[in-house]
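Written below as C-alpha coordinates is the structure these notes are about.
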Amino acid sequence: MRLVEKTAGDSRYEEWITAAREDGRDAILSAIKWRSTEILIERDLRRSQASFAFDVLPADELDEKEKAVSRAAEHFLRTEMETPLYFGKDTLAAVASSNIDQYLEIAGALFEEISAKITGPRSIPRSLSAERQDAIIREVAELRWEGLVRRLPQGYDAKRFLEALGKYCRDQTFRPTAPYMPGVTGFAISMQDRNTLASEDEKKIKHFLQLRNVITSLVAHNLITPHLDRRAKGSLTWFSI
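Okay, structure coming up:
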(Lines of atoms letter the chains of each structure in order from A and count residues from 1; the text may use other names and numbers.)
(Lines give C-alpha, C1' and ligand atoms only; values in the text may rest on other atoms or scores of the structure.)
Protein backbone atom coordinates (compact mmCIF):
# COMPACT_ATOMS: atom_id res chain seq x y z
CA MET A 1 0.00 0.00 0.00
CA ARG A 2 1.22 3.49 -0.92
CA LEU A 3 1.03 4.92 2.60
CA VAL A 4 2.74 1.94 4.24
CA GLU A 5 5.59 2.15 1.73
CA LYS A 6 5.91 5.90 2.25
CA THR A 7 6.30 5.55 6.03
CA ALA A 8 8.32 2.31 6.03
CA GLY A 9 10.93 2.36 8.78
CA ASP A 10 9.50 5.52 10.39
CA SER A 11 8.22 4.62 13.86
CA ARG A 12 6.68 8.08 14.28
CA TYR A 13 3.57 6.99 12.37
CA GLU A 14 3.23 3.39 13.60
CA GLU A 15 0.17 4.05 15.79
CA TRP A 16 -1.57 6.02 13.04
CA ILE A 17 -0.98 3.25 10.50
CA THR A 18 -2.17 0.62 12.98
CA ALA A 19 -5.33 2.64 13.76
CA ALA A 20 -6.14 2.94 10.05
CA ARG A 21 -5.46 -0.76 9.44
CA GLU A 22 -7.66 -1.86 12.36
CA ASP A 23 -10.58 0.42 11.51
CA GLY A 24 -13.64 -1.81 11.75
CA ARG A 25 -16.13 0.23 9.76
CA ASP A 26 -17.40 -0.51 6.26
CA ALA A 27 -15.11 -0.37 3.24
CA ILE A 28 -15.96 3.20 2.24
CA LEU A 29 -15.42 4.70 5.69
CA SER A 30 -12.23 2.70 6.12
CA ALA A 31 -10.94 3.97 2.78
CA ILE A 32 -11.70 7.56 3.81
CA LYS A 33 -9.81 6.99 7.07
CA TRP A 34 -6.78 5.69 5.14
CA ARG A 35 -6.87 8.70 2.80
CA SER A 36 -7.31 11.11 5.73
CA THR A 37 -4.34 9.49 7.44
CA GLU A 38 -2.24 9.94 4.32
CA ILE A 39 -3.10 13.65 4.12
CA LEU A 40 -2.25 14.16 7.79
CA ILE A 41 1.05 12.28 7.44
CA GLU A 42 1.96 14.41 4.40
CA ARG A 43 1.36 17.51 6.51
CA ASP A 44 3.36 16.17 9.42
CA LEU A 45 6.25 15.09 7.19
CA ARG A 46 6.63 18.66 5.99
CA ARG A 47 6.53 20.03 9.53
CA SER A 48 8.80 17.39 11.04
CA GLN A 49 11.43 17.90 8.34
CA ALA A 50 11.62 21.54 9.36
CA SER A 51 11.42 21.01 13.14
CA PHE A 52 13.21 17.63 13.51
CA ALA A 53 10.23 16.10 15.35
CA PHE A 54 10.67 12.36 15.99
CA ASP A 55 8.16 11.51 18.76
CA VAL A 56 5.63 8.77 18.02
CA LEU A 57 2.23 10.24 17.19
CA PRO A 58 -0.58 8.74 19.34
CA ALA A 59 -3.66 7.22 17.73
CA ASP A 60 -6.04 9.54 19.61
CA GLU A 61 -4.38 12.50 17.90
CA LEU A 62 -5.28 10.96 14.56
CA ASP A 63 -8.92 10.67 15.65
CA GLU A 64 -8.99 14.36 16.54
CA LYS A 65 -7.41 15.55 13.31
CA GLU A 66 -9.01 13.29 10.73
CA LYS A 67 -12.46 14.88 11.15
CA ALA A 68 -11.07 18.13 9.75
CA VAL A 69 -9.80 16.49 6.55
CA SER A 70 -12.42 13.79 5.94
CA ARG A 71 -14.29 15.80 3.28
CA ALA A 72 -11.08 16.45 1.38
CA ALA A 73 -10.12 12.78 1.75
CA GLU A 74 -13.46 11.65 0.33
CA HIS A 75 -13.11 14.06 -2.59
CA PHE A 76 -9.59 12.81 -3.29
CA LEU A 77 -10.80 9.20 -3.16
CA ARG A 78 -13.76 9.71 -5.47
CA THR A 79 -11.53 11.44 -8.00
CA GLU A 80 -8.73 8.88 -7.80
CA MET A 81 -11.13 5.94 -8.03
CA GLU A 82 -13.18 7.65 -10.77
CA THR A 83 -16.42 7.10 -8.86
CA PRO A 84 -19.45 9.36 -9.52
CA LEU A 85 -19.13 12.92 -8.22
CA TYR A 86 -22.22 14.59 -9.65
CA PHE A 87 -25.53 13.09 -8.52
CA GLY A 88 -28.46 13.99 -6.27
CA LYS A 89 -30.59 17.13 -6.07
CA ASP A 90 -28.13 19.07 -3.91
CA THR A 91 -25.35 18.45 -6.40
CA LEU A 92 -27.65 19.40 -9.26
CA ALA A 93 -28.27 22.78 -7.64
CA ALA A 94 -24.57 23.23 -6.90
CA VAL A 95 -23.30 22.46 -10.40
CA ALA A 96 -25.85 24.87 -11.86
CA SER A 97 -23.91 27.66 -10.08
CA SER A 98 -26.93 29.99 -9.80
CA ASN A 99 -27.22 29.87 -13.60
CA ILE A 100 -30.85 29.18 -14.45
CA ASP A 101 -30.15 28.25 -18.09
CA GLN A 102 -27.52 25.76 -17.00
CA TYR A 103 -29.82 24.38 -14.31
CA LEU A 104 -32.69 23.88 -16.76
CA GLU A 105 -30.45 22.23 -19.34
CA ILE A 106 -29.08 19.74 -16.82
CA ALA A 107 -32.48 19.10 -15.24
CA GLY A 108 -34.01 18.67 -18.69
CA ALA A 109 -31.44 16.06 -19.67
CA LEU A 110 -32.05 14.13 -16.46
CA PHE A 111 -35.83 14.34 -16.89
CA GLU A 112 -35.58 13.11 -20.48
CA GLU A 113 -33.60 10.09 -19.33
CA ILE A 114 -36.15 9.30 -16.61
CA SER A 115 -39.06 9.77 -19.04
CA ALA A 116 -37.50 7.26 -21.42
CA LYS A 117 -37.77 4.64 -18.71
CA ILE A 118 -41.56 5.08 -18.39
CA THR A 119 -43.17 2.41 -20.57
CA GLY A 120 -46.86 3.06 -19.92
CA PRO A 121 -49.41 5.21 -18.06
CA ARG A 122 -49.17 3.05 -14.94
CA SER A 123 -45.45 2.59 -15.10
CA ILE A 124 -43.59 3.61 -11.97
CA PRO A 125 -40.79 6.10 -12.76
CA ARG A 126 -37.39 4.60 -12.14
CA SER A 127 -34.59 6.44 -10.44
CA LEU A 128 -31.28 7.06 -12.17
CA SER A 129 -28.16 5.50 -10.76
CA ALA A 130 -25.42 7.75 -9.44
CA GLU A 131 -23.23 6.62 -12.34
CA ARG A 132 -25.84 7.60 -14.93
CA GLN A 133 -26.57 10.97 -13.32
CA ASP A 134 -22.86 11.73 -13.26
CA ALA A 135 -22.49 10.74 -16.91
CA ILE A 136 -25.45 12.90 -18.03
CA ILE A 137 -24.25 15.97 -16.13
CA ARG A 138 -20.76 15.57 -17.61
CA GLU A 139 -22.24 15.21 -21.12
CA VAL A 140 -24.24 18.43 -20.72
CA ALA A 141 -21.19 20.22 -19.30
CA GLU A 142 -19.09 19.07 -22.26
CA LEU A 143 -21.65 20.36 -24.77
CA ARG A 144 -21.89 23.72 -22.99
CA TRP A 145 -18.10 23.93 -22.86
CA GLU A 146 -17.80 23.25 -26.59
CA GLY A 147 -20.36 25.99 -27.30
CA LEU A 148 -18.71 28.57 -25.05
CA VAL A 149 -16.79 30.32 -27.84
CA ARG A 150 -20.02 30.88 -29.81
CA ARG A 151 -22.12 32.05 -26.85
CA LEU A 152 -19.83 34.68 -25.34
CA PRO A 153 -18.70 37.98 -26.91
CA GLN A 154 -15.17 37.23 -25.65
CA GLY A 155 -15.65 33.50 -26.15
CA TYR A 156 -12.17 32.40 -27.21
CA ASP A 157 -10.32 34.37 -24.54
CA ALA A 158 -12.95 33.50 -21.93
CA LYS A 159 -12.43 29.80 -22.62
CA ARG A 160 -8.66 30.13 -22.33
CA PHE A 161 -9.11 32.03 -19.06
CA LEU A 162 -11.39 29.33 -17.61
CA GLU A 163 -9.05 26.56 -18.77
CA ALA A 164 -6.12 28.19 -16.96
CA LEU A 165 -8.25 28.89 -13.90
CA GLY A 166 -9.57 25.33 -13.83
CA LYS A 167 -6.06 23.88 -14.03
CA TYR A 168 -4.89 26.16 -11.22
CA CYS A 169 -7.85 25.21 -9.00
CA ARG A 170 -7.31 21.51 -9.64
CA ASP A 171 -3.57 21.71 -8.98
CA GLN A 172 -4.16 23.52 -5.69
CA THR A 173 -7.03 21.26 -4.63
CA PHE A 174 -5.09 18.03 -5.09
CA ARG A 175 -1.87 19.03 -3.39
CA PRO A 176 -0.81 16.11 -1.12
CA THR A 177 -1.47 18.11 2.05
CA ALA A 178 -4.96 19.25 0.96
CA PRO A 179 -4.36 22.81 2.22
CA TYR A 180 -7.66 24.14 0.83
CA MET A 181 -10.46 21.87 1.99
CA PRO A 182 -12.48 20.49 0.36
CA GLY A 183 -11.12 22.29 -2.72
CA VAL A 184 -10.32 25.54 -4.54
CA THR A 185 -13.35 27.01 -6.29
CA GLY A 186 -12.29 30.46 -7.44
CA PHE A 187 -9.86 33.34 -7.21
CA ALA A 188 -9.68 36.74 -5.54
CA ILE A 189 -8.41 40.23 -6.33
CA SER A 190 -8.20 43.21 -4.02
CA MET A 191 -11.09 45.68 -3.97
CA GLN A 192 -8.62 48.31 -5.13
CA ASP A 193 -7.72 46.24 -8.20
CA ARG A 194 -11.39 45.51 -8.80
CA ASN A 195 -12.20 49.23 -8.73
CA THR A 196 -9.32 49.90 -11.11
CA LEU A 197 -10.64 47.36 -13.60
CA ALA A 198 -14.23 48.55 -13.26
CA SER A 199 -13.82 52.33 -13.14
CA GLU A 200 -10.40 53.46 -14.32
CA ASP A 201 -10.07 55.35 -17.61
CA GLU A 202 -9.35 52.91 -20.43
CA LYS A 203 -6.28 54.86 -21.53
CA LYS A 204 -4.65 54.20 -18.16
CA ILE A 205 -5.27 50.46 -18.15
CA LYS A 206 -4.81 49.51 -21.80
CA HIS A 207 -2.82 46.42 -20.80
CA PHE A 208 -5.73 45.22 -18.61
CA LEU A 209 -8.62 45.94 -20.98
CA GLN A 210 -8.83 42.41 -22.36
CA LEU A 211 -8.84 40.97 -18.83
CA ARG A 212 -11.64 43.35 -17.87
CA ASN A 213 -13.65 42.42 -20.95
CA VAL A 214 -13.23 38.70 -20.29
CA ILE A 215 -14.22 38.94 -16.61
CA THR A 216 -17.19 41.15 -17.50
CA SER A 217 -18.35 38.61 -20.09
CA LEU A 218 -17.99 35.68 -17.66
CA VAL A 219 -19.90 37.50 -14.91
CA ALA A 220 -22.66 38.57 -17.32
CA HIS A 221 -23.19 34.95 -18.38
CA ASN A 222 -23.06 33.60 -14.79
CA LEU A 223 -19.93 31.57 -15.46
CA ILE A 224 -18.18 33.17 -12.50
CA THR A 225 -19.90 34.83 -9.55
CA PRO A 226 -18.43 37.91 -7.82
CA HIS A 227 -18.64 38.34 -4.05
CA LEU A 228 -17.66 41.87 -3.13
CA ASP A 229 -15.67 43.06 -0.13
CA ARG A 230 -14.81 39.70 1.37
CA ARG A 231 -12.57 39.98 4.42
CA ALA A 232 -9.47 37.83 4.40
CA LYS A 233 -6.03 39.36 3.97
CA GLY A 234 -7.45 42.81 3.36
CA SER A 235 -10.61 43.63 1.45
CA LEU A 236 -11.12 41.29 -1.52
CA THR A 237 -13.43 40.57 -4.40
CA TRP A 238 -13.86 36.80 -4.61
CA PHE A 239 -14.91 35.19 -7.89
CA SER A 240 -16.32 31.68 -7.51
CA ILE A 241 -16.70 29.22 -10.38
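Residue numbers for the sequence shown follow the working numbering, beginning at 1145 and rising by one. Here a beta-carbon is modelled for each residue, glycine too, at the ideal position from N, C-alpha and C.
So residue i and residue j are in contact, right, with Cβ under 8 Å, and what is the actual spacing, rounded?
| i | j | result |
| --- | --- | --- |
| Lys1177 | Glu1210 | 7 Å |
| Trp1160 | Ala1217 | With a Cβ gap of about 14 Å, Trp1160 and Ala1217 do not count as contacting. |
| Ala1302 | Ser1361 | 5 Å |
| Val1213 | Ala1322 | 6 Å |
| Thr1317 | Gly1327 | 4 Å |
| Tyr1230 | Asp1278 | 5 Å |
What does the alpha-carbon distance come out to for the pair residue i and residue j?
| i | j | result |
| --- | --- | --- |
| Leu1386 | Thr1227 | Given that the chain is displayed from residue 1145 to residue 1385, the structure contains no residue 1386 and the question cannot be resolved. |
| Lys1150 | Asp1188 | 13 Å |
| Phe1331 | Thr1381 | 9 Å |
| Leu1353 | His1371 | 21 Å |
| Ile1359 | Asp1315 | 22 Å |
| Arg1388 | Ile1185 | For the chain, the structure presents residues 1145 to 1385; residue 1388 sits outside this window and is missing. |
| Arg1215 | Ile1349 | 42 Å |
| Met1225 | Asp1245 | 31 Å |
| Arg1169 | Ala1175 | 9 Å |
Buried or exposed: which applies to residue i, given that a residue is buried once 16 or more other Cβ atoms fall within 10 Å of its Cβ?
| i | result |
| --- | --- |
| Thr1181 | buried |
| Ser1120 | With the chain represented from 1145 up to 1385, any question about residue 1120 goes unanswered, as that position is not in the structure. |
| Arg1179 | buried |
| Tyr1157 | buried |
| Ile1250 | buried |
| Ala1164 | buried |
Look up residue i in the DSSP assignment and give the residues it is bridged to.
| i | result |
| --- | --- |
| Thr1369 | Ser1384 |
Quiz prompt | Runs of alpha helix (DSSP H) wholly within the region 1253 to 1293 (minimum 4 residues, chain order) | solution = 1274 to 1290
Quiz item: Taking the runs of the beta strand (DSSP E) that are 3 residues or longer, which of them lie wholly in the region 1308 to 1342?
Solution: 1330 to 1334
Quiz item: In the region 1157 to 1188, which residue ranges form an unbroken alpha helix (DSSP H) of at least 4 residues, counting only runs that do not cross its ends?
Solution: Complete alpha helix (DSSP H) runs here, min 4: 1158 to 1165.
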